[in-house]
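Peer 1:
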Amino acid sequence: MELTAADHRIPLSDGNSIPIIGFATYSHPNLPGDEIFPTDENGNWIFHQTNLCATWEALEACKDAGLVKSLGVSHFNRRQLELILNKPRLKYKPVCNQVECHPYFTQRKLLEFCQQHDILLVAFTPLGISKDRDWLSTYSKPLLEDELLNSLGKKYKKTAAQVALRFNIQRGIAVIPKSFDPKIIKENFQIFDFSLTTEEMKSIETLNTDVRVVHLPMLSDHPEYPFHDEY
Ligand SMILES: NC(=O)c1ccc[n+]([C@@H]2O[C@H](COP(=O)([O-])OP(=O)(O)OC[C@H]3O[C@@H](n4cnc5c(N)ncnc54)[C@H](OP(=O)(O)O)[C@@H]3O)[C@@H](O)[C@H]2O)c1
0 MELTAADHRI PLSDGNSIPI IGFATYSHPN LPGDEIFPTD ENGNWIFHQT
50 NLCATWEALE ACKDAGLVKS LGVSHFNRRQ LELILNKPRL KYKPVCNQVE
100 CHPYFTQRKL LEFCQQHDIL LVAFTPLGIS KDRDWLSTYS KPLLEDELLN
150 SLGKKYKKTA AQVALRFNIQ RGIAVIPKSF DPKIIKENFQ IFDFSLTTEE
200 MKSIETLNTD VRVVHLPMLS DHPEYPFHDE Y
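Residue 41 in numbering that gives the first Met the number 0 is what sits at position 42 of the sequence shown, and the numbering runs on without skipping anything.
1) If we ignore side chains and look at the alpha-carbon of each, how far apart do G65 and N76 end up?
2) In the structure shown, what three-state DSSP assignment does N96 receive?
3) Return the chain-ordered list of same chain residues with a C-beta closer than 6 Å to the C-beta of E81, the five sequence neighbours on each side being excluded.
4) Any heavy atom of ligand 1 closer than 7 Å to the CB of H74?
5) What residue range does the beta strand (DSSP E) around V162 cover?
6) Within the continuous beta strand (DSSP E) that includes S16, where are the two ends?
7) Here's the rule: buried if 16 or more other CB atoms are within 10 angstroms of the residue's CB, otherwise exposed. What is Y103?
8) Excluding the five sequence neighbours on either side, which residues of its own chain have a C-beta within less than 8 Å of the C-beta of E198, listed in chain order?
9) Can you pull the DSSP bridge partners for I9?
10) Judging by CA-CA distance, which residue of E229, M217, H227 is the nearest neighbour of N41?
11) Buried or exposed: where does K156 fall if 16 or more other Cβ atoms within 10 Å of its Cβ makes it buried?
12) At the level of alpha carbons, what is the spacing between K153 and D6?
13) Are the beta-carbon atoms of L195 and R165 separated by less than 8 Å?
14) Can you check which of these residues, L110, D220, L11, is closest to H101 by C-alpha distance?
15) Using the Cα positions of P222 and N149, report the straight-line distance between them to the nearest angstrom.
16) From this set, I17, A23, K108, G14, which residue's C-alpha is nearest D180's C-alpha?
17) I'd like the list of long-range same chain contacts for L206, defined as Cβ closer than 7 Å, with 5 residues on each side in sequence excluded.
18) Is it right to say E113 is buried, meaning 16 or more other beta carbons lie within 10 angstroms of its own, or is it exposed?
19) Considering only the beta carbon of each residue, do R78 and D228 sit closer than 8 Å?
20) By a C-beta neighbour count over all protein chains shown, 10 Å radius and 16 as the cutoff for buried, is G71 buried or exposed?
21) Taking the CB atoms as reference points, tell me whether S129 and V213 lie closer together than 8 Å.
22) Buried or exposed for I45, please, with buried defined as at least 16 other CB atoms from any protein chain shown within 10 angstroms of its CB.
23) Which one of L2, P93, N85 has the shortest CA to CA distance from L11?
24) Where do the ends of the alpha helix (DSSP H) carrying A60 lie?
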């Protein structure tokens, strides 16, 4: 399908649609109490015993009650997606899965699985940079300094960031870059007036390092921590 600056919505499997590029809105939650993430006497996080299928059923009830339009998931790996997709008496499939995705972490296998099941992949941290230091891996290469992305940017009179975003939308992935700078926000949306060739897309795919920026180390003992599996 042809995506343009004026028409850049992509259909979801439930009949709704979302823009292929969106404003990112996350900020630290302001919850009542002293501790947003309570810990035990050893400093380990205290977790809920999550039952993903029961949670999904509660979300289905929210949709039936007209409280939400569409249901999606985030950080789900293949096993967790299959758990929902194969759930007995499933009423609504997840329409999207929001995960980290950019040229250094291309999510090829998860993308293929999602596309086979009509689940839209939504890319967070699509520029490989995150401000949230608590969530990060110790090692991450600065994506926006990448030689190939910068040389393609030069060719198309775009920034490395715009090339990275365009790469994902050309793969059918929605992107949610976040910036507090109005000039940068505008710039991040100017990705509909150029197109990467098939060869250029293939070259960018080879940049994949399989190293995620956001790996949530404080959750690694959680029974549903998604990153112990390959994808
Ligand atoms: N599902 C999840 O668990 C999860 C996890 C992480 C993120 N997210 C979602 O994804 C959104 C985006 O996350 P994020 O990790 O990208 O946000 P972030 O932590 O705010 O990091 C984005 C960084 O990129 C910079 N930036 C943005 N555009 C740029 C450009 N064109 N050139 C250079 N620097 C640029 C921003 O700087 P300036 O502000 O200075 O421009 C900021 O430092 C979040 O708001 C949230 O909604 C979800």
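Heads up, the beta-carbon is just placed ideally off N, CA and C, and yes, glycines get one too.
Peer 2: Concretely, from the data shown:
1) The residue given as residue 65 occupies position 66 in the sequence shown. The residue given as residue 76 occupies position 77 in the sequence shown. Computed Cα separation, rounded: 28 Å.
2) Position 97 of the sequence shown, counting from 1, holds the residue named residue 96. N96 falls in the strand class under three-state DSSP.
3) The residue you call residue 81 lines up with position 82 of the sequence shown. Around E81: no qualifying Cβ.
4) Against the sequence shown, residue 74 aligns to sequence position 75. The answer is yes for H74.
5) Position 163 of the sequence shown holds residue 162. It is not in any beta strand (DSSP E) - V162 instead sits in the alpha helix (DSSP H) that spans 159-169.
6) Locating residue 16 in the sequence shown gives position 17, counting from the first residue. 16-18 is the extent of the beta strand (DSSP E) around S16.
7) Numbered from 1 along the sequence shown, position 104 holds the residue referred to as residue 103. With 16 or more Cβ atoms within 10 Å of its Cβ, Y103 is classed as buried.
8) The residue labelled residue 198 in the question sits at position 199 within the sequence shown. Excluding the 5 residues flanking it on each side, E198 has no same chain C-beta neighbour closer than 8 Å.
9) Within the sequence shown, numbered from 1, the residue matching residue 9 stands at position 10. The partner list for I9 (beta bridge, DSSP) reads I17.
10) The sequence position of residue 41 within the sequence shown is 42, counting from 1. The shortest C-alpha separation from N41 is found at M217.
11) Here residue 156 corresponds to residue number 157 of the sequence shown, with the count starting at 1. It counts as exposed.
12) Reading the sequence shown from its first residue, position 154 is the one you call residue 153. Reading the sequence shown from its first residue, position 7 is the one you call residue 6. If I take the Cα positions, the gap works out to 26 Å.
13) Stepping through the sequence shown from its first residue, residue 195 is reached at position 196. Stepping through the sequence shown from its first residue, residue 165 is reached at position 166. Their beta carbons are under 8 Å apart, which means L195 touches R165 by this criterion.
14) As a working note, residue 101 is residue 102 in the sequence shown. Closest by alpha carbon: L110.
15) As a first step, residue 222 is located in the sequence shown; it is residue number 223 there, counting from the start. As a first step, residue 149 is located in the sequence shown; it is residue number 150 there, counting from the start. Rounded to the nearest angstrom, the two C-alpha atoms are 40 Å apart.
16) Walking along the sequence shown from the start, residue 180 turns up at place 181. The option with the nearest alpha carbon to D180 is A23.
17) For the purposes of this step, residue 206 is taken as residue 207 along the sequence shown, with counting starting at 1. P102, Y103, D145, L147, listed in sequence order.
18) If you number the sequence shown from 1, residue 113 lands on position 114. The amino acid at residue 113 is misidentified as Glu; the sequence shows Cys. C113 should be labelled buried.
19) Counting from one through the sequence shown, the residue named residue 78 turns up at place 79. Counting from one through the sequence shown, the residue named residue 228 turns up at place 229. Contact flag set, yes.
20) The residue labelled residue 71 in the question sits at position 72 within the sequence shown. Classification of G71: buried, given that the 10 Å Cβ count is 16 or more.
21) Counting from 1 along the sequence shown, the entry for residue 129 is found at position 130. Counting from 1 along the sequence shown, the entry for residue 213 is found at position 214. A contact, by the Cβ cut-off of 8 Å.
22) Here residue 45 refers to the residue found at position 46 of the sequence shown. Label assigned to I45: exposed.
23) Position 12 of the sequence shown holds residue 11. Minimum Cα distance to L11 is reached at P93.
24) Position 61 of the sequence shown, counted from the first residue, corresponds to residue 60. Secondary structure note for A60: its alpha helix (DSSP H) is the uninterrupted segment 51-63.
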